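Residue numbering for the sequence shown is 2 to 378, as defined by the numbering used here.
Just so you know, even glycine gets a beta-carbon here, dropped at the ideal spot from N, CA and C.
Here the structure is a predicted model, which means the values were calculated and not measured.
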Amino acid sequence: MSGAAVAAAVRVLRSGHLAQGHEVAAFEHEFGEQLGHRYCVAVNSGTTALWLTLSALGIGPGDEVITTAFTFGATAAAIHLTGATTVFADIDADTLCLDPAAAAAAITPRTAAIMPVHLYGHPAPMDQITDLATRYGLAVVEDAAQAHGASLRGTPTGAFGHAGAFSFYATKNMTSIEGGMITTADAELAHRARLLRNQGMDTDRGTPYHYDIVGVNGRMNDVAAAVARTELAALRARTDARRRHATQLNHNLAALPGIRTPIQRPGAQHVYHQYVIRLHDGPPRRTHLQRALRHARISSAVHYPVPLHRSRAYFTNTNLPNSDLAARQVLSLPVHPALAGVALDRIINTVASALVKRASVAAMPDGAATLATRPAS
Ligand SMILES: *Cc1c(COP(=O)(O)O)cnc(C)c1O
Numbered sequence: 002m003s004g005a006a007v008a009a010a011v012r013v014l015r016s017g018h019l020a021q022g023h024e025v026a027a028f029e030h031e032f033g034e035q036l037g038h039r040y041c042v043a044v045n046s047g048t049t050a051l052w053l054t055l056s057a058l059g060i061g062p063g064d065e066v067i068t069t070a071f072t073f074g075a076t077a078a079a080i081h082l083t084g085a086t087t088v089f090a091d092i093d094a095d096t097l098c099l100d101p102a103a104a105a106a107a108i109t110p111r112t113a114a115i116m117p118v119h120l121y122g123h124p125a126p127m128d129q130i131t132d133l134a135t136r137y138g139l140a141v142v143e144d145a146a147q148a149h150g151a152s153l154r155g156t157p158t159g160a161f162g163h164a165g166a167f168s169f170y171a172t173k174n175m176t177s178i179e180g181g182m183i184t185t186a187d188a189e190l191a192h193r194a195r196l197l198r199n200q201g202m203d204t205d206r207g208t209p210y211h212y213d214i215v216g217v218n219g220r221m222n223d224v225a226a227a228v229a230r231t232e233l234a235a236l237r238a239r240t241d242a243r244r245r246h247a248t249q250l251n252h253n254l255a256a257l258p259g260i261r262t263p264i265q266r267p268g269a270q271h272v273y274h275q276y277v278i279r280l281h282d283g284p285p286r287r288t289h290l291q292r293a294l295r296h297a298r299i300s301s302a303v304h305y306p307v308p309l310h311r312s313r314a315y316f317t318n319t320n321l322p323n324s325d326l327a328a329r330q331v332l333s334l335p336v337h338p339a340l341a342g343v344a345l346d347r348i349i350n351t352v353a354s355a356l357v358k359r360a361s362v363a364a365m366p367d368g369a370a371t372l373a374t375r376p377a378s
């Protein structure tokens, strides 16, 4: 945590006003101003933001929601919590975001909404998705949990659909430790979301303990909001740092054998929540590279090893070849804003020597392998 975040938390803790109050209201206002959203409703997690958004749209039992299986579990959990059915459609092979053609093919008379995910911070193809939704009268809910400040042709993620949902979990591009935000341009939807996060009570009307609808405790607290305000103030500079790091990694890794660096579609502003390379050969080569990185004390991770339609909780027999392939190929490398230049160089050198060595071993006849594993001079 930055000094500003610690000071803000202490200030609120000392004030004695801890529950949802002025800090939350100020955070909602500032988030909307900075990122370009009309109405913002802060909640206690990204999962809650997705769940309450779908609920506020009236989505429930009997409805189907089309989304991607190549995402974090919370995307599908939010759909299940409303009682609706998740329908997985495949992803685009380049961006790994929901493929609009696959989403179109998944539409049935029961489809109520499409929920694209701006995976890793790259905006999903919102033009085609909103066109599709308009044509079929469907709601669009954006899972923007990884995409704070991302945009497509100048429109911010979370502002394309009927609503967007952000997460402020500790590892996201900005944090309130735990928290989330619902964004929308629809005043009525924002009002329903406010009721849903506070037990269905309309406290703005000054009538506590009168329940208009069934709601939950989805509130953000003022300590979290105070921390989040300091994070929001730092977001632009930190996003710039992530983008710089990604550019440098791309520049140095793109030509290596057997891998593919992430792309940024024209008009898209990628915010690199994750910097994800893909290894054409899949697990053996990926495992080898992860071992080399671990040895050099460089963290790496697989987001995500199992597409949701293959997991126990969300199992379906749908055929999603691009999602299956992505799960075998992806590897996230460090890209966080605090990375120093030397750290970036170390990442680049470690990846390069692991991949180049491996490639020359594979290309060598038997017996020549020992020679090939010597560092290149
Ligand atoms: C983090 C995340 C969520 C859930 O957010 P929480 O704040 O952890 O509840 C939802 N969707 C995606 C894609 C995420 O990365």
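Considering only the beta carbon of each residue, do residue i and residue j sit closer than 8 Å?
i, j, result
"Leu254", "Val352", "yes"
"Gly61", "Ala85", "yes"
"Ala229", "Gly180", "yes"
"Phe161", "Glu143", "yes"
"Glu24", "Ala227", "yes"
"Val42", "Ile183", "yes"
"Thr68", "Ala77", "yes"
"Ile80", "Leu55", "yes"
Note down the Cα distance separating residue i from residue j, rounded to an integer number of angstroms.
i, j, result
"Arg39", "His163", "12 Å"
"Ala8", "Thr288", "42 Å"
"His296", "Phe73", "27 Å"
"Leu197", "Thr204", "12 Å"
"His211", "Met202", "6 Å"
"Ala194", "Glu232", "24 Å"
"Pro126", "Asp213", "37 Å"
"Ile130", "Ala171", "30 Å"
"Leu51", "Ala166", "6 Å"
"Leu120", "Ala339", "22 Å"
"Gly219", "Ile349", "42 Å"
"Phe28", "Gly37", "13 Å"
"Asn251", "Arg245", "10 Å"
"Pro267", "Asp128", "13 Å"
"Asp325", "Thr319", "11 Å"
"Glu65", "Gly207", "36 Å"
"Gln147", "Leu133", "23 Å"
Within 10 Å of its beta-carbon, does residue i have 16 or more other beta-carbons around it, so buried, or fewer, so exposed?
i, result
"Ser3", "exposed"
"Asn323", "buried"
"Arg243", "buried"
"Leu19", "exposed"
"Val88", "buried"
"Gln21", "buried"
"His304", "buried"
"Tyr315", "buried"
"Asn199", "buried"
"Ser177", "buried"
"Ala377", "With a pLDDT of only 37 at Ala377, under the threshold of 50, the placement of this residue in the model should not be trusted, and no figure is reported."
"Thr158", "buried"
For residue i, which residues in the same chain have their Cβ closer than 7 Å to its Cβ, ignoring the five residues on either side in sequence?
i, result
"Gly155", "none"
"Ala269", "His123, Pro124, Leu153"
"Gly283", "Arg329, Gln330"
"Gln249", "Leu345"
"Thr317", "Phe89, His310"
Would you please state the rounded distance, in angstroms, between the beta carbons of residue i and residue j? I believe it to be under 8 Å.
i, j, result
"Ile264", "Thr96", "7 Å"
"Val11", "Met221", "Not really, about 18 Å apart at Cβ, beyond 8 Å."
"Leu280", "Arg286", "5 Å"
"Leu321", "Pro306", "About 15 Å; that fails the 8 Å criterion."
"Phe71", "Ala327", "5 Å"
"Leu334", "Gln291", "In fact, because the Cβ distance is near 10 Å, the residues do not count as touching under 8 Å."
"Gly216", "Leu356", "Rounded, the Cβ-Cβ distance is 52 Å, inconsistent with contact."
"Arg15", "Gly63", "Incorrect: roughly 50 Å between the Cβ atoms, too far for contact."
Short of 8 Å in beta carbon distance, which residues of its chain neighbour residue i, apart from the five on each side in sequence? Order them along the chain.
i, result
"Arg298", "none"
"Ala247", "Pro263, His271, Tyr273, Tyr276, Val336"
"Leu236", "Gln35, His149, Gly150, Asn174, Met175"
"Gly33", "Arg39, Tyr40, Cys41, Thr184"
Within its chain, find whatever has a CB closer than 6 Å to the CB of residue i; leave out the 5 residues flanking it on each side and keep chain order.
i, result
"Thr240", "Gly150, Val272"
"Ala140", "Leu58, Ala114, His163"
"Asp100", "Asp91, Ile92, Asp93"
"Tyr137", "Ile108"
"Thr49", "Gly181, Gly219"
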